[in-house]
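What follows is one structure encoded as C-alpha cells, with my remarks underneath.
Below, the structure written as C-alpha cells:
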C-alpha cells in the first residue's frame, strides 16, 4: 500500500522543517562560538598591554614592570618595590618561543 499524495506531502514538509531547524541551530551555535572567540581575542590583546601596577599579581609571578626614568624590568613581583624604584605599569611575559 503506497502513501497518499497528502501523506507524502506531510512527511516532506516535516522533513523540511526538521532540516531548517537543524540548520538554524547549527548557525546559532556557530555565531555563539565566533562571539566567544572575539571575546577571547580581546582579552588576550588587553593582557598584552601595559596595565596599572595596582592590577599586577602579587604572588611572585614573573612580570615586566615599568619604572619611569628607568625603563623596563623583569621581576618576580610580590607587591614590594625595590628601593629607589616606583613602578607604574606592568604586563605579563609573552609565551616563550616554541
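Residue numbers (our numbering): 604 to 701.
Think of the CB as a built atom: it goes at the ideal place given N, C-alpha and C, for glycine as much as any other residue.
Straight-line gap, residue i to residue j (C-alpha atoms, nearest Å)
i	j	result
residue 694	residue 701	21 Å
residue 689	residue 644	31 Å
residue 652	residue 698	14 Å
Buried or exposed by the 16-neighbour rule on C-beta atoms within 10 Å, applied to residue i
i	result
residue 617	exposed
residue 666	buried
residue 638	exposed
7 Å Cβ cutoff met for residue i and residue j
i	j	result
residue 661	residue 634	no
Inter-residue CB distance, residue i and residue j (contact presumed, cutoff 8 Å)
i	j	result
residue 691	residue 669	6 Å
Reduced DSSP category for residue i - H, G, I as helix; E, B as strand; rest coil
i	result
residue 684	coil
residue 641	helix
residue 619	helix
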